[in-house]
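Numbering (the working numbering), first residue to last: 288 to 707.
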């Protein structure tokens, strides 16, 4: 009798100690009202034990997302009117894990005009991966490979160009981020390679573009300090190296260089409703060949994103960049200022309206040539059913390269998007 009594007491003690052992398993608390530090936390500072969507072990390893865009476009410019049809297929495979995920995607742009010219405008393969080491540390990796060919009738090409060069471009970038409360840091590194094919002219002659083939590598970082839960002061700096295969045909030397950029500014973010950012900096391009003059420029950058509700989105940007001169003869650097604006409004569940505007101004170092471009556009998307929507777009653009007169272009495009 006493033995049975002792066994019953032991079983009761074991049952009573089970919750204690369970509580010790998670030092952040068991989620109850009296044992969860996050319930007493300021909502603006985040959480230490954030809720996560349970991982579904029985789900397929990849999630497939695909879309096929079909377009018909009429383009009117100073050189005449062009009618073309476009196919825009794309597909993405995504796999999510408990600490991140990765994805691969492919897309293409195929065109055919009424003159019988068929062209593969672009083929792109992309991939990305991200991994969260803990709640405040993460890393990311992304890469892309693109094969593209411009339309020889574009304003950037001479009137006697029959076939634009084929361009192969591969890029890879790695990032690491850490959030230390009031301090946040991001490090990045990138590498890439761009190769240009030959240009073919109306008389069947060709010209080499090997002087544009370039290998790039760069490093950079951004460090921020939270002045308030909304406002962050930051500095951003980086260095980028460019190595060209051949000398410039006009300057007779290679344009190998190292470009240094440094910016300081403020970022203000109020949940998802408003984000403002502005910075001021300095850019310096140091050429490897002593016969070329180094170049210095002041860098202005700004960004504004407004989303007052789920139906309206407004975005504006201003940027300054130091770029390579491309095929422009005699130039060493291209300094570009650009501004863009976009607006989107969801009228109802079926109709979405879009608008855009852009401006850019480019100045070439070493020659008296400037480029100016303006664009405005409007569009609409209408949901036909669960897997199809209709789209319409109008774009007007004007480009001027001194001392030539301006060139205008209008484009109307109608089409369908068929998606999963």
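Note that CB positions come from ideal geometry on N, CA and C, so glycine has one too.
Any non-hydrogen atom of the ligand SAM within 8 Å of residue 597 CB: As presented, the structure is devoid of all ligands, the ligand SAM included, so that no description of it is given.
Neighbour-count burial assignment, residue 447, 16 or more Cβ in a 10 Å radius: The residue given as residue 447 occupies position 160 in the chain shown. It is exposed - the Cβ of residue 447 has fewer than 16 other Cβ atoms within 10 Å.
Same chain, Cβ closer than 8 Å to residue 497, neighbours up to 5 away in sequence not counted: Counted from its first residue, the chain shown places residue 497 at position 210. Here the set comprises 483, 532 and 533.
Other residues of its chain near residue 600: CB distance less than 6 Å, five sequence neighbours each side excluded: One-based indexing of the chain shown puts residue 600 at position 313. Around residue 600: 594 and 631.
Residues bridged to residue 434 (per DSSP): Within the chain shown, the letter at position 147 stands for residue 434. Its beta-bridge partners are 410 and 455.
Boundaries (first-last residue) of the beta strand (DSSP E) holding residue 376: Stepping through the chain shown from its first residue, residue 376 is reached at position 89. Segment 367-384, the beta strand (DSSP E) holding residue 376.
Beta strand (DSSP E) segments (min. 3 residues) lying fully within the region 572-602: 582-596
Rounded C-alpha distance that separates residue 507 from residue 404: The residue labelled residue 507 in the question sits at position 220 within the chain shown. The residue labelled residue 404 in the question sits at position 117 within the chain shown. Each residue's Cα considered, the two are about 44 Å apart.
Completely contained beta strand (DSSP E) runs for the region 641-677, where each covers 3 or more residues: 657-672
Expected contact under 8 Å - CB spacing of residue 699 and residue 360 to nearest Å: Reading the chain shown from its first residue, position 412 is the one you call residue 699. Reading the chain shown from its first residue, position 73 is the one you call residue 360. Confirmed, Cβ separation roughly 7 Å.
For residue 450: DSSP bridge partner residues: Along the chain shown, read from residue 1 onward, the residue named residue 450 stands at position 163. Looking at the DSSP assignment, residue 450 forms a beta bridge with 487.
Euclidean distance between Cα positions of residue 662 and residue 602: Translated into positions along the chain shown, residue 662 becomes position 375. Translated into positions along the chain shown, residue 602 becomes position 315. Approximately 16 Å between the Cα atoms of the pair.
First and last residue of the uninterrupted beta strand (DSSP E) at residue 773: In the structure as shown, the chain starts at 288 and stops at 707, and residue 773 therefore has no counterpart that could be examined.
Residue 451, buried or exposed, once every other Cβ within 10 Å from all chains shown has been counted against 16: Position 164 of the chain shown, counted from the first residue, corresponds to residue 451. Buried, because 16 or more other Cβ atoms sit within 10 Å of the Cβ of residue 451.
Which of helix, strand or coil DSSP assigns to residue 498: Translated into the one-based positions of the chain shown, residue 498 becomes position 211. Note: residue 498 maps to helix in three-state DSSP.
Nearest neighbour of residue 393, chosen from 412, 682, 568 and 544 [CA to CA]: For the purposes of this step, residue 393 is taken as the residue at position 106 of the chain shown. Ranking 412, 682, 568 and 544 by Cα distance to residue 393 puts 412 first.
Expected contact under 8 Å - CB spacing of residue 627 and residue 604 to nearest Å: The sequence position of residue 627 within the chain shown is 340, counting from 1. The sequence position of residue 604 within the chain shown is 317, counting from 1. That belief holds up - the Cβ atoms of residue 627 and residue 604 are roughly 5 Å apart, short of 8 Å.
Helix, strand or coil at residue 403 according to DSSP, with G and I counted as helix: Numbered from its first residue, the chain shown carries residue 403 at position 116. It is coil, neither helix nor strand.
Residue 545 beta carbon less than 9 Å from that of residue 572: The count along the chain shown starts at 1 and reaches residue 572 at position 285. The count along the chain shown starts at 1 and reaches residue 545 at position 258. Cβ distance < 9 Å, so residue 572 and residue 545 count as in contact.
Burial state of residue 584, where buried means 16 or more other Cβ atoms lie within 10 Å: As a working note, residue 584 is residue 297 in the chain shown. That one is buried.
DSSP three-state assignment for residue 693, whether helix, strand or coil: In the chain shown, the residue the question calls residue 693 occupies position 406. Coil.
Reduced DSSP category for residue 621 - H, G, I as helix; E, B as strand; rest coil: Counting from one through the chain shown, the residue named residue 621 turns up at place 334. Residue 621 falls in the strand class under three-state DSSP.
Residue 465 versus residue 423: straight-line alpha-carbon distance, rounded: Residue mapping note: residue 465 aligns to position 178 of the chain shown, counting from 1. Residue mapping note: residue 423 aligns to position 136 of the chain shown, counting from 1. Answer to the nearest angstrom: the Cα atoms are 5 Å apart.
Straight-line gap, residue 737 to residue 688 (C-alpha atoms, nearest Å): Outside the displayed span of the chain (288 to 707) sits residue 737, for which this structure offers no information.
Residue range of the unbroken beta strand (DSSP E) whose run includes residue 527: For the purposes of this step, residue 527 is identified with residue 240 of the chain shown, where counting begins at 1. 518-531 is the span of the beta strand (DSSP E), which, as asked, contains residue 527.
Between the CA atoms of residue 633 and residue 597 - distance to the nearest angstrom: For the purposes of this step, residue 597 is taken as the residue at position 310 of the chain shown. For the purposes of this step, residue 633 is taken as the residue at position 346 of the chain shown. Those two C-alpha atoms are separated by around 8 Å.
Reduced DSSP secondary structure (H/G/I, E/B, other) of residue 355: Here residue 355 is taken as the residue at index 68 of the chain shown, counted from 1. Three-state result, residue 355: strand.
Beta-ladder partner(s) of residue 419, from DSSP: In the chain shown, residue 419 corresponds to position 132, counting from 1. According to DSSP, which records beta bridges pairwise, residue 419 is partnered with 425.
First through last residue of the beta strand (DSSP E) which encompasses residue 554: Position 267 of the chain shown holds residue 554. Residues 544-557.
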